[in-house]
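I have placed the structure first, in the form of structure tokens, so that the comments after it can refer back to it.
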Amino acid sequence: MRLFTLDFEKPIVDLEETIAELRKQADEQKIDLSAQIKAIEEKLEKTRKEVFTNLTPWQRVQLARHPKRPYMLDFLQRIATDFTELHGDRRFGDDHAIIGGLATIDGQRVMVIGQQKGRDTKENLMRNFGSPHPEGYRKALRLMQLAEKFDLPVICFIDTPGAYPGVGAEERHIAEAIAVNLREMMVLKTPMIAIVIGEGGSGGALGIGVCDRVLIMENAYYSVISPEGCAAILWKDRAAASQAAAALKISAKDLLELDIVDEVIPEPLGGAQKDYDATAATLKKAILKHLDKLMDVKMSELLENRYKKFRKMGVVAKAEPKKRGKKAALPVAQTT
Amino acid sequence: MDVFDKPKITETKTKKRDIPKGLWVKCKDCGEMIFSKELAANLKVCPKCDLHFSMTAAERVAALADEGTWTEYDADLVSVDVLKFTGVAAYSERLKSHQRQTGVLDAIQTGLCKITGHDVSLAVMDFGFLGGSMGSVVGEKVTRSIEKATELKIPSIVVSASGGARMYEGILSLMQLAKTSGALALHAKAGLPYFSVLTHPTTAGVMASYASLGDVIIAEPKALIGFAGPRVIKETTQQELPDGFQTSEFLRERGLIDVIVHRKQLKETIGKMLDYFSGRGKRKFKAA
Ligand SMILES: [Zn+2]
């Protein structure tokens, strides 16, 4: 099976191909090449570790966008015993870039909502490459409020390059749809967990991301702007995306340090696409662990904690009153 | 924000504050040469074609607040370069140069005042400071402004003018969307009115949070209002944009905006609505 190869995976793929070639030779010509094969296999292991333990932020973005990366439905197939999709926003239509429905995970009934990308061109056209329209956000809110009414926790799978920049999206007020979600999620009376499983593209991601817990997969990213978009504006050159990716601090580890996410969910070496089952099992464990804790929290406390969680995000300083000379800024702790 | 490109702002609009007093300003719409003092006296509206120029936060406050009632809060909050953002330009340098140029610390002023006698908590954005972009300071001040309104049981008003979230603060600026919208959830639960005033331009992250959440959404004429920038939409969709796309007038026809109000009537309009939303006939505003 020939998988899609990223630039930085090239040395690994080259070695894998060499090994395959040697095996073929040994087999066909009935000669013993096991020593050579073993040596290259060792080199392969070493190269793999080297490449994948030192991934740059931009390389991780590429993994997050890997065409073989598991999407929400791949995970649901593996972590849920039941899934009934519920369609439509009861206003305009059904957005296939955001799906949602009733699911059971380890016996716990939940509402799942998330962005879904397509696996091939045809499916991607249907899913709009995971870029939702206003209907997607309005459907998401409808399902969240349904979950609230019937005491179902909400699990959100975030995986979008961003909300769709199109004429229809603007005409039907995509900004308003996202804004309303942000406001209503803050006071929704049910436990909520969001997991950034791939791309966390700006407001389009946050539109289903105001939750009690925000988790992120090791190679996923979450950013205010795409690295390419930032590069185009600040560097006047989309090719500066790798510098922008580093400057924006969009990798899982950075986000954990910035207190934006609560936990980083590890992926198999080389990325989630290498082993769907193992990745799904780790994800399931993390969801259940956090769900278990959240279900024990009193509702008033849950809501207060959710508010505080987002309330404290951001860093400001106080300018010193002008005395002699220049004023200096002193970082101060956040209030409330 | 991801899908946003900088809105086109005419030179006369953004550079107004740089022009020494006594100079002439050219209106970009009708080409009229206007004496800058005359423009200021006319609330920065072109006397010939009614084009609404950008206002600084201070000018906006002066135009809205009853005389002598303005008390500014959190005037000393400044942005921090948390990410140590370096690229073509370092964030800390850009902040300093904008502070020097504009004489203000960031893209917003917040405070308490009266509008036609009603107590309100007012936040006013300033497009002239880094394109009115929302970083932690803007997000924090808007949030505090709304929280103060909730605490004092008074209406909250935000006058927006912004190109969106402030890239230099990365994900922290994105989270200001959640923070400010969350504060509005509690303000709404307390049964208090919130007015969003959209001025040219209001887009991206600010539009995807508090600017879209008004009980009443008021816009100035011909303002650019939207989520994604027109250039990005054109490039993405390879589609011609409809006439007047993303203007106040276009969005009122499509149901987003309650009312488009000329700047000269803005204070009076807000005041009149506050009369209605203060409830219980002739009694002064009280929370439910
Ligand atoms: Zn004019």
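Protein chains in written order, with the numbering used here: chain B, 1 to 336; chain Y, 1001 to 1288. In this text, a Cβ means the ideal position worked out from N, Cα and C, and glycines have one as well. Remember, predicted model here, so these are calculated numbers, not experimental data.
- Taking a beta-carbon distance threshold of 8 Å, Y/Phe-1129 does not count as an interface residue toward chain B.
- Look at the stretch 242-268 of chain B: the residues with a C-beta under 9 Å from a C-beta of chain Y are Gln-243, Ala-244, Ala-247, Leu-248, Lys-249, Ile-250, Asp-254, Leu-255, Leu-258 and Ile-260.
- Interface flag for Y/Ser-1162 against chain B is unset, since no Cβ pair is found closer than 8 Å.
- By the C-beta density criterion, Y/Gly-1131 is buried, having at least 16 other C-beta atoms within 10 angstroms.
- Listed along chain B, no residue sits closer than 9 Å to Y/Met-1273 by beta-carbon distance, the nearest being about 20 Å off.
- Taking a cut-off of 8 Å on C-beta distances, the stretch 226-237 of chain B does not touch the stretch 182-190 of chain B, as fewer than three cross pairs fall below it.
- Close to B/Ile-178, with beta-carbon spacing below 7 Å, are these residues of chain Y in chain order: Ala-1208.
- According to the DSSP assignment, B/Asp-292 belongs to the alpha helix (DSSP H) that extends over 276-294.
- With three or more CB-CB distances shorter than 8 Å, the stretch 247-266 of chain B counts as touching the stretch 51-68 of chain B.
- In this structure, B/Gly-200 places its C-beta atom within 8 Å of the C-beta atom of B/Tyr-221.
- For B/Ala-39, there are no CB contacts under 8 Å within the same chain when 5 residues up- and downstream are skipped.
- Of the residues Y/Thr-1116, Y/His-1118, Y/Gly-1117 and Y/Val-1137, the one whose Cα lies closest to the Cα of Y/Val-1124 is Y/Val-1137.
- According to DSSP, residue pairing for Y/Thr-1203 in a beta bridge involves Y/Gly-1226.
- Under the rule that a run must span 3 or more residues, the beta strand (DSSP E) segments found entirely inside the stretch 112-198 of chain B read 154-160.
- Contacts with chain B at 8 Å (Cβ-Cβ) include Y/Ala-1165.
- At a cut-off of 8 Å between beta carbons, B/Lys-318 contacts chain Y.
- For B/Cys-230, the shortest separation between its Cβ and any heavy atom of ligand 1 does not lie below 7 Å.
- For Y/Gln-1176, the residues of chain B that pass the 8 Å Cβ criterion are Met-313 and Gly-314, in the order they occur in the chain.
- Rounded to whole angstroms, the separation of the alpha carbons of Y/Ser-1121 and Y/Tyr-1276 is 17 Å.
- Under the DSSP assignment, Y/Cys-1113 falls in the beta strand (DSSP E) whose first and last residues are 1108-1115.
- Within 7 Å of the C-beta of Y/Lys-1044 there is not a single heavy atom belonging to ligand 1.
- Put simply, the CB of Y/Ile-1233 is near chain B, with a gap under 8 Å to one of its CB atoms.
- The residues Asp-212 and Val-297, in chain order, have a CB closer than 8 Å to that of B/Asn-305 in the same chain once the five nearest residues on each side in sequence are set aside.
- The stretch 1249-1256 of chain Y and the stretch 1189-1197 of chain Y do not touch, with fewer than 3 CB-CB distances between them shorter than 8 Å.
- With fewer than 16 other Cβ atoms inside 10 Å of its own Cβ, Y/Gln-1101 counts as exposed.
- Under the criterion of beta carbons closer than 8 Å, Y/His-1200 and Y/Ala-1223 qualify as touching, at roughly 4 Å.
- Using a Cβ-Cβ cut-off of 8 Å, B/Ile-197 does not count as an interface residue toward chain Y, since no Cβ of chain Y sits closer than that to its own.
- As the crow flies, the alpha-carbon of B/Pro-268 is around 60 Å from that of Y/Lys-1114.
- For the stretch 149-163 of chain B, the set of positions with a beta-carbon nearer than 9 Å to some beta-carbon of chain Y reads Pro-161, Gly-162 and Ala-163 in chain order.
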